[in-house]
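J.: Top to bottom, those sequences are chains A and B. Its first residue numbered 1, the first sequence is counted upward by one per residue in the UniProt record's numbering. Its first residue numbered 1, the second sequence is counted upward by one per residue in the UniProt record's numbering. All C-beta atoms, glycine included, are put in the ideal place defined by N, C-alpha and C. The structure's right below; bear with me while I get my questions together.
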Amino acid sequence: MLLTITTTHTPATDLGYLLHKHPAKVQEVELGKGKAHIFYPVANEQECTCALLLDIDQVGLVRANSGTSGNAFALEQYVNDRPYVASSIMSNAISKAFASALNGKCKDRPELVATAMPFEVKLSVLPVNGGEEMLYRMFGPLGYKITAIQHILDDQFPEWGNSRYFTVTLTQTTTLHTLLSHLYILIPVMDNSKHYWVNREEIEKLLAKGKGWLEKHPERQLIARRYLRHKTSLMNDAMTMLMKDDIPEEIVNAERAETIALPKPKLHDARLQIVCDELLSTPVRSVVDLGCGEGKLVKLLLTHPQLTHITGMDVSSRSLEIAYQKLRYDQLPDNQRKRLKLILGSLVYRDRRIEGFDAAALVEVIEHLDPERLRAMEKCVFEYARPAKVVVTTPNKEWNVTFTTDGQMMRHTDHRFEWTRTQFSEWCRKICEEYGYEAAIKPVGEEVEGAGAPTQMAVFIRK
Amino acid sequence: MKIQVPELSLVVMIGATGSGKSTFARRWFGAAEVISSDSCREMVSNNENAMDASEDAFELLFYIVGKRLKRGLLTVVDATNVRSEDRKKLVALAREYHTLPVAIVMNMPDKVCLSRNEARADRNLPAHVVTGHIHTLRKGMGRLKDEGFRKIYELRGEDQVAAVTGITREPMWNVKKEEQGPFDIIGDIHGCYTELCQLLTKLGHTVDAAAHTVEVVAGRKLVFLGDLCDRGPDTPSVYKLVMHAVQHGRALCVPGNHDMKLLKYLRGRNVQLSHGLKDTVEQLAAEDTAFIEALKVFLDGLVSHYVLDNGRLVVAHAGLKEEMHGRGSGAVREFCLYGETTGETDEFGLPVRYNWAAAYTGKAMVIYGHTPVYAAQWFNNTMDIDTGCVFGGKLTAMRYPEKVLVDVPALATYVEPARPIRMPGTGINLQHEQDDVLDIEDLMGKQVIETALLNNITIREEYTAAALETMSRFSIHPKWLMYLPPTMSPSETSALPDYLEHPAGAFSYYRRNDVRQVICEEKHMGSRAIVIVCKDNRVVADRFGIEDNSIGTCYTRTGRAFFQDKTTEQAFLEMVRDALTTRHFWEEQETDWVCLDCELMPWNAKAQALLQHQYAATGTAAVHAMDAVVSVLRSTDNPAVTTLRNDFEERADMCRRFTAAYRQYCWEVKSLADYQLAPFHIIATEGRTWFDKDHVWHMETIGHYCGGERNPMIRTDWKLVNLDDEESVAEAVGWWEALTANGGEGMVVKSLSFIERGSKGLLQPAIKTRGREYLRIIYGAEYTAPVNLTRLKQRGLGTKRALALKEFALGVQAATHFVAKEPLRKVHQCVFGLLALESEPVDPRL
């Protein structure tokens, strides 16, 4: 919430001209959700410090935003770090308070604009996503000397560890214009969390601020990506589409880049094809995809005229909405639309709408159920719905050795369990015994010696 | 002349155009009861004479008639109905809904019809059409009975029409709603007379076995579920006693399949003397003809089933599905006698019975027999109490409405059952088995849930959709979720300048609603937790139907497991269980399980992530930033910053207080001993809820089991406040101030009674009054700054309070259903609904 800029340039008070703020005055600028105070703690020939102090209206911050999006009622909206940190609001304040300096102008002393001066910048406090290392990666290539103090979450509970807040001091001899443009872009990039009231013009402005250094920055990809993420989190898809042409190619590509930390085998599409083939290997006329998610398998199934009824079921109404969009449901011709149905449902509740199908698919679904609720799913599928064919796929835990040594690690945070090949075949055997099915187990994906394939699949045939 | 029709019947008017059907129907039946083809024709085509619209018109007519019959309403069809095929469709419709078809034939002379037809300005059909009608009608008259009409009235000529003086609606024989019991309902006796006498005696009635009479305890009535005869040693005596009791108004009796087969035999029909009938025939040989005649009359007069106690109880020999309750048709009678079979036979050559009770969702409790079972058990609000006495089992009676089973063992195994009766130990609890999976149909879409406290509660469709995802992905097994606590509203926003909340607000709420005594309970700052703990894992299996060797569960207010790890959970619950066992809780409260509403500490046990990512993070950011700001302002040698400096110094102090506030709810959890559980409500134990006890009872009773070594349960401080007594009120306020001065969360104010009503209905079950310091973690560190506080005081509590009441009613209802052993479906509907309501957008700071 506090930014101080100090120079020892002689005369140091030149800073006042550059910033276009008189050192003797305490001034104020209005921000969207509060104000910023500008004053000079020190102002003499040898040393001059200008402070930019954010004074954010906590209550107003919330009130203005409520009632818009789905999480308008999340408690974290009310108690959070925003009023106390340097975030996009600080960038906003810089552009408001020091507009001419940021734009490289100085009415009274134009020669100062291009003059490099020794600067020391202090930020209290800067939230950093990525730890101290990130500070060095971002500011280091720009020539800053960095001093950072990381604050512990709570000194009464040292076991909770460090927070992501730093008191940061940056020193360098450069022009004020360059300094401010670095801060303007990198503060929100360090923060990397959602922020408020960024509009389109400001995005353009921000991009302009990067001219001359961003394209040479070794971390430009990361900067661009983080940068854009804030914007997309705030704007709806239509807005993003609208802006696409206005955004440099590099940034658009960066946004598209994969950011997933866990190794995600590129076998999803292949897996769906295998499941699809398996489902259609017999004269099946109707298929229900249980846990259809965004409708990828359903889309694939639609291309097979053999099927007269295809139903996708998912427990998340959000996923179904996306599925409707991806399948372009509204634009499907009548005869296609008649074949297809998407329903909101759950595998732990009996559902008569999934009864009467020739075949059912459960692709990467069962591992999302708590073990104690598996029995409900088994009864739903194998006792009540009882299709003649059921295709089940689930990760093979043994294969995890190909990317981790951590035996507890799972491939997705929502996985409640992952089974070894023995566990899976044991489960299949139990299902067959209890509900009168026969099962064939097949590997899906490239097999690794001793660990098997990434995915295991069982095809159950009703006896 | 009076025409008599059963009160639930489909009356089919039959007659040519101009025979006076419509006039007759209008004259003697209610306007809504008469569905005419003409008006249907008009509805679908704007013109009641548009003959080309007949097909659509009749489709509509059938639809309306079907809906009415389904709802149990007498309906009159006003159409010509002269053709047999038209009438057959109506008879089939009546049968589909198990109502009785009645024909009223308007058989008028030709000239009457013809002259009326000609007189009609709007529609006058060619004469040959009218005579054609009349001809068809007369030709078909003789077939009406075969077509299935139960009663046929033929009115010949205008004189007879004029002679009709009224329509008598005969009540259904099987509906005896006014019979409210209490009843002792007795299962299949099969000639086991001695056991019957013993059972009646055990039930408290006075039996004279030799005289075959029973004096029934005053006020009670016996209900016999049929199959009095066959297989056992003394069928005649059983009949004598039952007949005597029925004739003297002491008993009701429904027929069993064996009784009806005996009747056939007695009427001289050719029946096989199998399945024990031979014994009966031999035993009856010694009886005189007067008895045999009386027996025939008795058996002939038995009504298939009874609907009793205003529709709350149905008794039938083999059970009865809901759509047949109080209905009359051959199919109903068949069902009552034989139940439903799948059409297959089992390995013993007996028909495979389809368990109709599995799909039963009716409101009425159904008590039946017919299928011998090892032990009677509740299944979807139905119970089979035929415990196979004649096969060496026992003779069972159920007391209604007490729902208590009374039985006597068989004195001998009189016959071996053809199919083994399910043995103990291997016996599956049908209800638990079925409740493994509940039906989504009962939960989704717009829901209207009946509750005792608030009548019907409506849950919007979009909220049930959200609940489905939460319930499916995150909650524990529905079998555990017998209760969820309601959300709690804060007290009225305080008018005091420095406070957002103050006890005065809560007190004024209750005082305004005429409550004189309230209880104030210290509010612990932890996480709300529901703890269900059982004496041992057998109880979990038997009562909750969960076979995982656990002894209980601990879940959050949204139905999620409190502990991530099952081992920790069970170890913690064992400590709770042991503390209860040591202090004789199970004996004192006569139960083997308990459901407690509690606060579980420390806060960080559940909310560690929230604490670190939100509270501690915000705290450390605020304190360090503020310190930097204050230090810069202090070193600024410019008098113009004085105001700023003062302002930020104060705010820096608020930020430190924020950190201080959340800190005290946290402590490191190294072992189980670091958890504290503060129970404040005993929600339920076996067979009962405790909502009828006041809060002093709850606090005192719980107090007995709290504290001491190795006991995670701690006592909660409380105070009883008399709102009429200023001193008492002042003392409570002082207490609250002391509790909250250092950041204590505050207190909860409740009416003394658990459930309290005011003149405008149900009152808030509890109101929280949170401390001034505590509220920093809710409203932000600097909420107390006057500029913030004045704005924050513009808060509305209406939505929150309405929500709290609905959730309270649903929670109470869920627990009530659970202790009454209602099917899990009903419990879960309430819990699911409650969770769905939680997706309603409400300011989370309230």
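Give, in chain order, every unbroken run of the beta strand (DSSP E) that is at least 3 residues long and sits entirely within the region 502-573 of chain B.
T.: Counting whole runs of 3 or more residues, the region 502-573 of chain B contains the beta strand (DSSP E) stretches 517-523, 527-534, 552-555.
J.: Closest by CA to residue 278 (chain A), which one among A:188, A:463, A:391?
T.: A:391
J.: Can you tell me whether DSSP reads residue 124 (chain A) as helix, strand or coil?
T.: When DSSP states are grouped into helix, strand and coil, residue 124 (chain A) belongs to the strand group.
J.: For residue 79 (chain B), which option in B:295, B:275, B:61, B:94 has the closest C-alpha, if you only look at C-alpha atoms?
T.: B:61
J.: Can you pull out the residues from the region 383-401 of chain A whose beta carbon lies closer than 9 Å to at least one beta carbon of chain B?
T.: 383, 384
J.: Less than 8 Å between the C-beta atoms of residue 393 (chain B) and residue 374 (chain B), yes or no?
T.: Yes, the Cβ-Cβ distance between residue 393 (chain B) and residue 374 (chain B) is below 8 Å.
J.: Please identify, using Cβ separations under 9 Å, the residues of the region 526-555 of chain B that lie next to chain A, in order along the chain.
T.: Within the region 526-555 of chain B, the qualifying residues are 546, 548.
J.: Below 6 Å CB to CB, which residues in the same chain sit around residue 552 (chain B) once its five sequence neighbours on both sides are set aside?
T.: Around residue 552 (chain B): 532, 533, 534, 573.
J.: Could you check what DSSP says for residue 418 (chain B) in three-state terms: helix, strand or coil?
T.: In the structure shown, residue 418 (chain B) adopts coil according to DSSP, grouped into three states.
J.: Residues of the region 417-449 of chain A with a CB closer than 7 Å to any CB of chain B: list them in chain order, please.
T.: none
J.: Mind listing the chain B neighbours of residue 350 (chain A)? Cutoff is C-beta to C-beta under 9 Å, in chain order.
T.: 437, 438, 439, 440, 441
J.: For the region 433-446 of chain B against the region 377-385 of chain A, are there 3 or more C-beta pairs whose distance is under 8 Å?
T.: yes
J.: Can you confirm whether residue 342 (chain B), when its beta carbon is compared against all beta carbons of chain A, has any partner nearer than 8 Å?
T.: no
J.: In the DSSP output, which residue or residues are listed as bridge partners for residue 597 (chain B)?
T.: B:530, B:681
J.: Whose C-beta lies closer than 6 Å to the C-beta of residue 546 (chain B) among residues of the same chain, with five residues either side of it excluded?
T.: 479, 540
J.: Could you give the C-beta distance for residue 42 (chain B) and residue 74 (chain B), rounded to a whole number, given that I count them as a contact under 8 Å?
T.: Contact doesn't hold; Cβ gap of about 23 Å is too wide.
J.: Along the beta strand (DSSP E) that carries residue 43 (chain B), what are the first and last residues, could you check?
T.: Per DSSP, residue 43 (chain B) belongs to no beta strand (DSSP E); it is in the alpha helix (DSSP H), 37-45.
J.: For residue 463 (chain B), report the span of its beta strand (DSSP E) as first-last.
T.: From DSSP, residue 463 (chain B) is part of no beta strand (DSSP E) but of the alpha helix (DSSP H) over 461-473.
J.: Starting from residue 719 (chain B), follow its DSSP beta bridges and name the residues at the other end.
T.: B:520
J.: In terms of residues, what are the limits of the beta strand (DSSP E) holding residue 185 (chain A)?
T.: Annotation for residue 185 (chain A): no beta strand (DSSP E) segment contains it, though the alpha helix (DSSP H) segment containing it runs 176-191.
J.: What does a CB cutoff of less than 8 Å around residue 812 (chain B) pick up in its chain, not counting 5 residues either side in sequence?
T.: 451, 452, 453, 689, 691, 755
J.: Grab the span of the alpha helix (DSSP H) containing residue 703 (chain B) for me, first residue to last.
T.: 695-704
J.: Can you give me the C-alpha to C-alpha distance between residue 782 (chain B) and residue 629 (chain B), rounded to a whole angstrom?
T.: 15 Å
J.: Are at least three pairs of beta-carbons, each pair with one atom in the region 298-313 of chain A and one in the region 268-285 of chain A, less than 8 Å apart?
T.: yes
J.: What number of angstroms, rounded off, separates the C-alpha of residue 20 (chain B) from the C-alpha of residue 28 (chain B)?
T.: 12 Å
J.: Within 8 Å (strictly less), CB to CB, does residue 344 (chain A) reach chain B?
T.: yes
J.: What residues match up with residue 378 (chain B) in a beta bridge as DSSP calls it?
T.: B:383
J.: Rounded C-beta distance between residue 302 (chain B) and residue 238 (chain B)? I'm assuming under 8 Å.
T.: Contact between residue 302 (chain B) and residue 238 (chain B) fails: their C-beta atoms lie close to 14 Å from each other, not under 8 Å.
J.: Going by Cα to Cα distance, which pick from B:763, B:412, B:205, B:420 is closest to residue 346 (chain B)?
T.: B:420
J.: Look at residue 623 (chain B) and residue 663 (chain B) and say whether their C-beta atoms are less than 8 Å apart.
T.: Here residue 623 (chain B) is not near residue 663 (chain B), since their CB atoms are 8 Å or more apart.
J.: Applying a beta-carbon distance threshold of less than 9 Å, which residues of chain B neighbour residue 159 (chain A)?
T.: 668
J.: Would you mind telling me which residues of chain A sit closer than 8 Å to residue 620 (chain B), beta carbon to beta carbon, in chain order?
T.: 151, 152, 153, 154, 163, 165
J.: Do we get a CB-CB distance below 8 Å when we pair residue 499 (chain B) with the residues of chain A?
T.: Taking 8 Å as the CB threshold, residue 499 (chain B) stays off the interface with chain A.
J.: With a floor of 4 residues, list each alpha helix (DSSP H) that falls wholly inside the region 3-33 of chain A, ordered by position along the chain.
T.: Taken in chain order, the whole alpha helix (DSSP H) runs of length 4 or more contained in the region 3-33 of chain A are 14-19.
J.: By how many angstroms is the C-alpha of residue 130 (chain A) removed from the C-alpha of residue 243 (chain A)?
T.: For residue 243 (chain A), the predicted model reports a pLDDT of 34, less than 50, meaning its position is unreliable; a value from the coordinates is still stated below. Between residue 243 (chain A) and residue 130 (chain A), the C-alpha separation is close to 28 Å.
J.: Given a cut-off of 8 Å on the beta-carbon distance, is the pair residue 455 (chain A) and residue 267 (chain A) in contact?
T.: yes
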